[in-house]
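Structure, as structure tokens:
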Amino acid sequence: MPTLKWFPPQGSPRVFSLFKPVSTIGRALGNDVAVSTPGIAETHAQILFDGRDFNLEEVDRAGEILINGKKKRRARLVHGDRLTLGDAELQFSVFDEPRAEPQDPVSARKPGAPETADTPLAGVRKLFEFSEKLMTQKSLDELLETMLDAVLEVTGGEKGLILLLDDAFGAAPAVSESDKEKSDVKRPLVRASRHIRREAMNNAPNLVSDSIVRKVLETGRPVIVSDALSDAQFGSSESVLALRVSSVMCAPLVAQGHVIGAMYVGNDRVKGLFERSQLDVLSIFAGQASLILQNAMLLSALRADKDRLSAELKDKRFGEIIGVCPSMMEVFRKLQKVATTDISVLITGETGTGKELIAREVHRRSNRASHPFVVINCGAIPENLIESELFGHVKGAFTGAVASRPGKFQVADKGTLFLDEIGELPLNLQVKLLRALQERVVFRVGDSRPEKVDIRIVAATNRILEEEIRAGRFREDLYYRLNVVNIYLPPLRERGDDVLIIAKALLSKYADELSSKIVGFTPQALAAIKKQMWPGNIRQLENRIKKALVLCEKTLLGPEDLDLIENTENPILPLEKAKEEFQRKYVLEVLERNNGNRTQTARDLGVDPRTIFRYLEREANPMPSGAGGGGGGNDK
């Protein structure tokens, strides 16, 4: 609100707000601006506001009026004019708190006094204050409104708007129908609006000049207009004429090199309000607004991608299993048919292909879904404990059997028992398992009493059981008892684009679980994922993504984060060192494929488990280059 500041000979300056169409100045107490100074008349002068300009006129012809040192009887006031009425010194300002005229505005400003647009550092200080609020305010609307409040305060504008070409945030139409000029530029939409009273404006779309905004959007350059009605370029615009626009500043909002909107500040009551320095401040704030909007748009796009991925996965998901390739469609077709029956199912395929997921889906779609689904890994339990794990034991059956305990068969009664890695089961246990399946009864270790069980068997293996039978390591009769229906899971490398769908689903799942800021893959990472052979299949892919989510500090995973960078040319190593390096990598790869199971890895490689331990120890404590191999090793 415009003000008049009086500087009395003694005491502090007094500020009078000019809120009436006619404000009188004089010595009498009834004046709007009452100044008790010698040489001033009872009612010396008056200030008239015609809706656009503030005009000073004499009331008492005997009273002398000086404006900026020159005698006047009437004059149009502009910001910063110094008035002398008799012995009274006053200053006119379009702001709530005008400044005095010290040589150094920063040092001369009294402690605690508010900064104005004339203070050189005012814009920088307001920008700093706003930057601090960025840390606490998370709502996009709150941020934009706070920014506009700061811009109006530092520039002296009455209204401020942020307009966008994109309606991604659900803005309302901003531009009025007054201007009919044709343009290829899309009509901008109001994203935020604020009045100097720190509140949103009603009918905001019709309070901006279309032609000024359009000029900024077309050129991508900021514009300052001191008197729009008299301006050669904009004076004939219908919106300028209709709104009786006076002072206007408008700066573009730019994201990734493209103009996405504009920040508009105006004051329709005062001409010549804005200066070039204020346009520079507005441009800085517009840059901040561009970054905020760009981040919000990116977040909105990522959320849309996530929603789209979720929608796509509904069509590509079979329970918890994801896939659309022909081989997986055959798996789903077969699974759907056998799930509702009670026949035994053998799931085959390489390690890490998701055999347990298939087994769980068989159970979930069966008539036993309300009963237990029990898993036992035949390759992870010591041979001397497998029988007890399967069938249970009674108290005192062996050393350490301090109490009777049911086995997995008893626990799975009325439900499904999943025998994972059935190819690892010792031959002597295969006989007992076959009898349990045929007779539907089990005997606990140390007990001669049979226990009836009602279970469905689903088994899985990554071995080729036909070869195991020929080698005498697996019973043929047990094989036919288990392999009533075979479901073969193809390796990931044979599933085409399924690998990309699975990778995106895994990233989305574990990014939420691990509270990671990572939101996706780079195009190079997706290409590398599809090119990779993935010998450990989905389990290996899952482990790589988990590791990258924990260690990567970017928002997008690249090939290097997934350890998928290929060397164009390997260095030449001595044969012994090359052999050792190959063995080390191969052991770690097989270990990864076996999900860290050292016993299984040693069995697959045909070595002692201590060999695997030594490779892991070397990986954790690599020997420095050139170090000798003398005593004091880590092997224990």
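Basically this note's numbering = 1-based index in the sequence shown + 61.
Idealized CB from N, CA, C, for every residue including glycine.
Glutamate 637 has its alpha-carbon roughly 49 Å from the corresponding atom of glycine 468.
Of the residues assessed, methionine 390 falls on the exposed side of the cut-off, its CB having fewer than 16 other CB atoms within 10 angstroms.
Its chain contains Pro283 and Ala312 as the residues whose beta carbon lies nearer than 6 Å to that of serine 344, once the 5 sequence neighbours on both sides are disregarded; these appear in chain order. Looking at the DSSP output, aspartate 481 sits in a beta bridge with Asn438. Beta-bridge partners assigned by DSSP to methionine 310: Ile285 and Val326. For glycine 318, the closest alpha carbon among the candidates Val651, Phe346, Leu334 and Gln355 is that of Gln355. Judged by DSSP secondary structure, isoleucine 108 falls within the beta strand (DSSP E) whose first and last residues are 106-110. Taking all protein chains in view, the Cβ of tyrosine 541 is surrounded by fewer than 16 other Cβ atoms within 10 Å, so the residue is classified as exposed.
If you draw a straight line from the Cα of alanine 149 to the Cα of phenylalanine 68, it is about 7 Å long. Annotation: the continuous beta strand (DSSP E) that includes leucine 151 extends over 149-154.
Look at the beta carbons and you see the segment 416-430 touching the segment 381-401: at least three pairs across the two are nearer than 8 Å.
Boundaries of the alpha helix (DSSP H) around arginine 394: 387-400.
In this structure, Gly217 is the residue among Arg75, Gly217 and Gly597 with its C-alpha nearest to the C-alpha of valine 155. Shown here, lysine 133 sits in coil according to DSSP, grouped into three states, outside any helix or strand. For threonine 414, no alpha helix (DSSP H) segment is defined, and its DSSP state is neither H nor E. Per DSSP, alanine 532 lies in no beta strand (DSSP E) and is assigned neither H nor E. The continuous beta strand (DSSP E) containing proline 511 extends over residues 511-513. Cβ neighbours of glutamate 650 within its own chain (closer than 7 Å, five residues either side excluded): Pro596.
Leucine 144: member of the beta strand (DSSP E) spanning 143-146, first to last residue. In this structure, phenylalanine 452 and phenylalanine 470 form a Cβ contact; the two beta carbons are roughly 6 Å apart against a cut-off of 8 Å.
Threonine 414 sits buried, since 16 or more C-beta atoms from the chains shown fall within 10 Å of its C-beta. Residue environment: methionine 208 is assigned as buried (16 or more neighbouring CB atoms within 10 Å of its CB, all protein chains considered). Relative to the Cα of asparagine 489, the nearest Cα in the group Leu539, Leu618, Ile128 and Ala572 belongs to Leu539. Valine 463 sits in coil when the DSSP states are folded into three classes, being neither helix nor strand. Bounds of any beta strand (DSSP E) do not take in arginine 505, whose DSSP letter is neither H nor E.
Beta-bridge annotation (DSSP): isoleucine 101 is not paired with any residue. Taking the Cα positions, leucine 612 is about 10 Å away from leucine 618.
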